[in-house]
Every structure is written in C-alpha cells, then in structure tokens.
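Peer 1: Residue numbers for the sequence shown follow the working numbering, beginning at 52 and rising by one.
Right, I'll just put the structure down here and ask away after.
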Amino acid sequence: MITGKQRSYLKGIAQELEPMASIGKLGLTSNVVDSIDKYLAAHELIKVKIQDGSNLKPKDVCEELSNRLQAEFVQAIGKKFVLYRQCKDKSKRTIELPQ
C-alpha cells in the first residue's frame, strides 16, 4: 500500500508519461494484460488509455488490473489512468519512493 505522499510523487512522474497501453472495444484481453504486466516489470509505472469507442469505465478497469497484476492505483483522469508496481528485485528498481 502506498501512502498519500508516495502517490503524489508518482503523480508528478506520471504527468510526463505518454500512455503505453491502450484498451479498446475488446476490453482487457490477455494480450493487453500481458503487455501491461511486462511494462510494469520493466518500468514500475504505466499510463493506460481507454479508447473512445470502448464502453469500459476507467474505475472498473483499474480495479480489475490492480487485482490481476498486484499493482497500485495512482490516479485516473478522464479515460486515462496510472498504475504502479514496485519491482521485487531492488537492483532493478527505477523509482525511489519517498518515505
């Protein structure tokens, strides 16, 4: 569980990110989930966009992805949201969270 201070820090980093995954009409396919999982393993923080043609609600998608990938919800704005998952290997961590 991340603290409010850590969430705020991650929001600042995420502000400069472009969406690295896109969810369309087909929803959360296994390919989409796998690509998000791999990206989180390498970068720890990802911004995801839900395409305009999709009827999915960002809050629902965030919840499902967070549970399936053991990731933390950071923020959602419109049809974009940000997830964070700390790398288990300390030597590969790219983000140092404030205490």
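Don't be surprised by glycine CBs; every beta carbon is placed ideally from N, CA and C.
All values derive from a computational prediction rather than experimental measurement.
Who are the Cβ neighbours of residue 125 in its own chain at under 7 Å, not counting the five residues just before and after it?
Peer 2: Here residue 125 refers to the residue found at position 74 when the sequence shown is read from its first residue. Here the set comprises 58, 61, 62, 65, 133, 134, 135.
Peer 1: Could you compute how far the alpha carbon of residue 82 sits from the alpha carbon of residue 56?
Peer 2: Reading the sequence shown from its first residue, position 31 is the one you call residue 82. Reading the sequence shown from its first residue, position 5 is the one you call residue 56. Near 33 Å, if we compare the C-alpha coordinates of residue 56 and residue 82.
Peer 1: Mind pulling the alpha helix (DSSP H) runs of 4 or more residues that sit fully within the region 100-142?
Peer 2: 109-120
Peer 1: Quick one: what does DSSP say residue 87 is sitting in, helix, strand or coil?
Peer 2: Walking along the sequence shown from the start, residue 87 turns up at place 36. Three-state DSSP puts residue 87 in a helix.
Peer 1: For residue 147, does the count of other Cβ atoms within 10 angstroms reach 16, so buried, or fall short, so exposed?
Peer 2: Position 96 of the sequence shown, counted from the first residue, corresponds to residue 147. Exposed: under 16 other Cβ atoms inside 10 Å.
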